[in-house]
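In UniProt numbering, the protein residues as written are 1 to 392. First comes the structure, then the notes that go with it.
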């Protein structure tokens, strides 16, 4: 009988978690597994990239208000479900705890009676997939995937509780840094917590980097690039002031940001404030960012919080000189050999950029050293396959 594998995540937007999931699914095509992905909503730029062999299910079905759901169940004669929907909707409206909200949502959707060999809450922590996998799914083994620096969510994580996460058979973290942060909060779960690096399809990435044109502005100076959701944790709000100082020093640089997010309006305001309209360009969401990474001169990851930073791994594969803040992304870099690691301070980031701008040989050294590295995380999948095959 074919092994049944389930992934539960939120949606397939253009993000590191979603790209890593697509790579994992593609890696599983050679295995004769029955793979299902359950989504909270069928939206996002990467939805169409889910491989054809994967079954896709929408947990909540069509978008409906609570009243619409209650009326639908009432017409079917399912009064109990209609009443439960109304009851839990009221509870959700009057609670501020993410864990409790997710628990109430999980009670509004039916349990899946399929028995999976392994069920994975892929978008974690403190999310609906965590609670749904634990409460609504039958599986011989259950795993949870930690994609972030959990210290950022420590209060919410503690509310969800060690007792909750202890019910998972395995806790995978996308870097040693992320694993350490999780164990710091829940030391009693150390024996079931392991690093599992994001799977990257190196050959596909290199092919995509040559598939189309990148920058169309014919800029002749140094191109700096940052890719990621425009958010406080990603640190792009630091960029305008740093770039302004570089320009005042006379450096011929242009900084490009790929990604969308809640910080866009703030960054646009800062662009006007510092008069950076020609030098800090917001490119928005780009489905294929790899030509831009390939053609930039310096890649910078200025994050406040980061568990792994898939974009840093991608920049490494494309042999770009890298500057990263001292987060989980730093374990990918050899200081002074393949990039520069700095603290999350404007002055440190600024001086690291100066160092690369003033030293072309150092940039070439980083690129040369990266060309000799093999960035291949596909072997990580063997750990998952072992769990699937050994399911009781």
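For each residue, glycine too, the CB sits at the ideal point set by N, CA and C.
* Asked: In the structure shown, what three-state DSSP assignment does residue 367 receive?
  -> Within the chain shown, residue 367 is the residue found at index 367, counting from 1. Three-state DSSP puts residue 367 in a helix.
* To do: Count the other CB atoms, across all protein chains shown, that sit within 10 Å of the CB of residue 390; report buried if there are 16 or more and exposed otherwise.
  => Along the chain shown, one-based indexing puts residue 390 at 390. By the 10 Å Cβ count, residue 390 comes out exposed.
* N-terminal and C-terminal residue of the beta strand (DSSP E) that residue 324 is part of -> In the chain shown, residue 324 corresponds to position 324, counting from 1. Here the beta strand (DSSP E) through residue 324 covers 322 to 325.
* To do: Determine the extent of the alpha helix (DSSP H) in which residue 129 is found, giving its start and end residues.
  => The residue labelled residue 129 in the question sits at position 129 within the chain shown. 128 to 136 is the extent of the alpha helix (DSSP H) around residue 129.
* Asked: Per DSSP, residue 383 is paired with what?
  -> As a working mapping, residue 383 is identified with position 383 in the chain shown. Paired residue(s): none; residue 383 is not in a bridge.
* To do: Could you have a look at residue 335 and say whether DSSP puts it in helix, strand or coil?
  => Indexing the chain shown from 1 puts residue 335 at position 335. Three-state DSSP puts residue 335 in a strand.
* Asked: What residues are listed by DSSP as bridge partners for residue 164?
  -> Here residue 164 refers to the residue found at position 164 of the chain shown. Its beta-bridge partners do not exist; DSSP assigns none.
* Where does the unbroken beta strand (DSSP E) through residue 7 begin, and where does it stop? -> Taking the first residue of the chain shown as position 1, residue 7 is located at position 7. From DSSP, the beta strand (DSSP E) with residue 7 extends over 3 to 9.
* Keeping to the same chain, check which residues put their C-beta closer than 7 Å to that of residue 51; ignore five residues upstream and five downstream. => Taking the chain shown and counting its residues from 1, one reaches residue 51 at position 51. Here the set comprises 25, 26 and 29.
* To do: Compare the C-alpha of residue 387 against each of 204, 352, 172 and 128 and name the closest.
  => Numbered from 1 along the chain shown, position 387 holds the residue referred to as residue 387. Minimum Cα distance to residue 387 is reached at 172.
* Are there 16 or more other CB atoms within 10 angstroms of the CB of residue 368, so buried, or fewer, so exposed? -> As a first step, residue 368 is located in the chain shown; it is residue number 368 there, counting from the start. With fewer than 16 other Cβ atoms within 10 Å, it is exposed.
* At what residues does the alpha helix (DSSP H) containing residue 184 begin and finish? -> In the chain shown, residue 184 corresponds to position 184, counting from 1. 176 to 185 is the extent of the alpha helix (DSSP H) around residue 184.
* Which whole-angstrom value describes the C-beta separation of residue 259 and residue 149, a residue pair presumed to lie in contact below a C-beta threshold of 8 Å? -> For the purposes of this step, residue 259 is taken as the residue at position 259 of the chain shown. For the purposes of this step, residue 149 is taken as the residue at position 149 of the chain shown. That pair is no contact at about 19 Å.
* Buried or exposed: which applies to residue 278, given that a residue is buried once 16 or more other Cβ atoms fall within 10 Å of its Cβ? -> Position 278 of the chain shown, counted from the start, is the residue given in the question as residue 278. Exposed, by the Cβ-count rule.
* Asked: Expressed to the nearest angstrom, what Euclidean distance is found between the alpha-carbon atoms of residue 231 and residue 261?
  -> As a first step, residue 231 is located in the chain shown; it is residue number 231 there, counting from the start. As a first step, residue 261 is located in the chain shown; it is residue number 261 there, counting from the start. Distance between the alpha carbons of residue 231 and residue 261 is about 6 Å.
* When we look at the beta-carbon of residue 17 and count the other beta-carbons within 10 Å, is it buried (16 or more) or exposed? -> Here residue 17 corresponds to residue number 17 of the chain shown, with the count starting at 1. By the 10 Å Cβ count, residue 17 comes out buried.
* Asked: How many Å lie between residue 355 and residue 291 at the Cα?
  -> For this step, residue 355 is matched to residue 355 along the chain shown. For this step, residue 291 is matched to residue 291 along the chain shown. One C-alpha to the other measures close to 25 Å.
* For residue 350, I'd like the list of residues in its chain whose CB is within less than 8 Å of its CB, leaving aside the five on either flank, ordered along the chain. => By one-based count along the chain shown, residue 350 stands at place 350. So the list reads 242, 245 and 246, once near-sequence residues are dropped.
* Asked: Is the segment 280 to 290 in contact with the segment 198 to 210, if contact means three or more CB pairs nearer than 8 Å?
  -> yes
* Asked: Are the segment 324 to 341 and the segment 303 to 310 in contact at 8 Å, needing three or more beta carbon pairs?
  -> yes
* Asked: Going by DSSP, which residues form a beta bridge with residue 57?
  -> Position 57 of the chain shown, counted from the first residue, corresponds to residue 57. Per DSSP, 38.
* For residue 264, I'd like the list of residues in its chain whose CB is within less than 8 Å of its CB, leaving aside the five on either flank, ordered along the chain. => Indexing the chain shown from 1 puts residue 264 at position 264. So the list reads 230 and 282, once near-sequence residues are dropped.
* Pull up the distance between the alpha-carbon of residue 8 and that of residue 36, whole angstroms please. => Numbered from its first residue, the chain shown carries residue 8 at position 8. Numbered from its first residue, the chain shown carries residue 36 at position 36. Rounded to the nearest angstrom, the two C-alpha atoms are 8 Å apart.
* **Which listed residue (360, 373 and 353) has its alpha carbon closest to that of residue 315** => As a working note, residue 315 is residue 315 in the chain shown. Checking every option, the nearest Cα to that of residue 315 belongs to 373.
* To do: Take every Cβ of the segment 137 to 152, pair it with every Cβ of the segment 108 to 118, and state whether three or more of those distances are shorter than 8 Å.
  => yes
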